[in-house]
Amino acid sequence: MQIAGNSLLFLSLLAGGYLFKMTFLQKMPGGDYGVGYAWAMLFLMGVFWIGMALVACIIGFGGGFAWLPLGRFADGGMLTLGFLVMLLGATLGMEASLGGIRFLAPTNAVATALVLMATFAVLLNDSLKMSIPPTLVKWALATVLALNTLMLATMIFGALASRVQAFLPRSSDKLDDFQLGMLAHIDSCDASKGITSLFIYSGDNQPPQIREKARLKIKSKPGWQDDLYHTLEGDGVDEAFYFLISNDMDDKPRFAKGVYQGVLSQARLIRERLRRSSHPSHVYDGLFIFKVRHCLEAVEKFKDMGVDFKPAMEELRAALDQPIRYNNPDLSSKKILDKWLKKH
């Protein structure tokens, strides 16, 4: 049993070492490689904790925990609870928001792993028991248990506070930090160099302060309507539709033609997105639902301007059937367009 325990402990040490390297010493890559990188980290985390749990079971069955002066905590149920607290605190705590003490999460994760490995190494090997006092091991365990209890308590308290705050009345003119960041971006944007990035802030889905500030900044640029029309013909069609759907235009016939071009641009972008898909998980039901709905809302708003939108909508529907290497499951978007085309 001692050999098996030491072997599992060594395996956990290897997994923990690689996990430490990938988490703190390497930068997580982006794209598809980043997805594989994240899965590798989860695998290593699973190997580490499963290995440690098996080592704990081996020690427990051999009566190894009796060497520690744990008092009432020497019961098997209490030991299991303590192990779970450390596991959850060290792993979930990495995502906890602790304000000014955010450094505590990575420090706790590393300290918990080191203390547990050192403790299990001592409990598995009699030679180490003779050179290390049990009281030292006990207080090291107590310290990391307290840290992980703090991590879990912080997460639980934060979750409860968020739930309570969601039901509290909130002033409609009070902006959160993210929305204040939007205002700062709008203020810092030089409209003379481009207004495409401001269109998304001008929709009715934004608070009035953000929406009005964005509209004023957009219209401060001479020829802003020309910019809006050209955006409909390019890759920024999503942002342009946000503006068109929520704002009235003086020259509606002109922008009815712009909406037609915008639907064609959206069809082109959908085809390009599907062609770039390299894994079945990149295409899922509802992937293009908001793009399709924005097209429908824009078409509905400009439908009486003498433009026949059906050819563009047929092209948008055809784009959803762009051939790819695997099944394209975005049925929701297809059903919405099929219903519109059948009606028209």
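Under my numbering, the residues of the sequence shown are numbered 4 to 347, in order.
C-beta: ideal position from N, C-alpha, C; glycine also.
All values reported here derive from a predicted model rather than from experimental measurement.
Beta-carbon spacing of residue i, residue j below 8 Å
i: Met-55; j: Met-25; result: no
i: Met-316; j: Leu-277; result: no
i: Phe-291; j: Glu-242; result: no
i: Leu-267; j: Glu-300; result: no
i: Met-89; j: Val-125; result: no
i: Leu-117; j: Gly-8; result: no
i: Leu-186; j: Lys-220; result: no
i: Met-154; j: Ala-108; result: yes
i: Ala-18; j: Leu-57; result: no
i: Ser-10; j: Phe-51; result: no
i: Lys-255; j: Met-308; result: yes
i: Leu-231; j: Gly-265; result: no
i: Trp-70; j: Pro-137; result: yes
i: Gln-269; j: Val-240; result: yes
i: Leu-73; j: Lys-132; result: no
i: Lys-123; j: Ala-164; result: The residue asked about is misnamed: residue 123 is Phe in this sequence, not Lys. No.
i: Pro-211; j: Leu-178; result: no
Buried versus exposed call for residue i [16 or more other C-beta atoms within 10 Å across all chains shown]
i: Lys-3; result: Any answer about residue 3 is impossible in this case: the structure gives the chain only from 4 up to 347.
i: Phe-305; result: buried
i: Asn-208; result: exposed
i: Leu-144; result: buried
i: Ile-62; result: buried
i: Gly-92; result: buried
i: Tyr-329; result: exposed
i: Phe-160; result: exposed
i: Val-262; result: buried
i: Gly-85; result: buried
i: Val-302; result: buried
i: His-297; result: buried
i: Leu-344; result: exposed
Cβ shell of residue i (< 7 Å), same chain only, five flanking positions each side left out
i: Met-31; result: Gly-37 and Tyr-40
i: Lys-1; result: Past the boundaries of the shown model lies residue 1; the chain is included only from 4 to 347, so the question cannot be answered.
For residue j and residue i, believed in contact at Cβ under 8 Å, the rounded distance
i: Phe-68; j: Leu-82; result: 6 Å
i: Ile-213; j: Gln-182; result: 6 Å
i: Met-120; j: Leu-12; result: 7 Å
i: Met-158; j: Leu-95; result: 6 Å
i: Asp-238; j: Val-286; result: The Cβ separation is near 20 Å, so there is no contact.
i: Ile-3; j: Lys-224; result: The displayed coordinates of the chain run from 4 to 347. Any statement about residue 3 would go beyond what the structure contains.
Neighbourhood of residue i by C-beta distance below 6 Å, restricted to the same chain and skipping five residues each side
i: Lys-337; result: Leu-323
i: Tyr-21; result: Leu-47
i: Leu-150; result: Asn-111
i: Arg-274; result: Ala-322 and Gln-325
i: Ala-194; result: Lys-220, Ser-223 and Lys-224
i: His-347; result: Lys-313
i: Pro-283; result: Tyr-329
i: Phe-258; result: Met-252
Same chain only: Cβ atoms within 8 Å of residue i, ignoring 5 sequence neighbours per side
i: Gly-206; result: Arg-214, Tyr-245, Phe-246, Ile-248 and Ser-249
i: Gly-79; result: Gly-63
i: Cys-192; result: Ile-198, Ser-200, Leu-201 and Lys-220
i: Arg-218; result: Ser-205 and Asn-250
i: Ile-327; result: Leu-277, Arg-278, Ser-280 and Val-286
i: Leu-139; result: none
Within-8 Å CB hit, residue i to chain C
i: Asp-238; result: Any reference to chain C falls outside this structure, which holds one protein chain only.
Quiz item: In the segment 148-204, which residue ranges form an unbroken alpha helix (DSSP H) of at least 4 residues, counting only runs that do not cross its ends?
Solution: As far as the segment 148-204 is concerned, its whole alpha helix (DSSP H) runs of at least 4 residues are 180-191 and 199-202.
Self-check item: Every unbroken alpha helix (DSSP H) within the segment 44-97, with a cutoff of 4 residues, ordered by chain
Solution: Whole alpha helix (DSSP H) segments, 4+ residues: 79-95.
Practice problem: Just list the beta strand (DSSP E) runs in the segment 295-324, keeping only unbroken ones of 3 residues or longer that don't cross its boundaries, in chain order. | Solution: Those beta strand (DSSP E) runs which fall completely within the segment 295-324 and span 3+ residues do not exist here.
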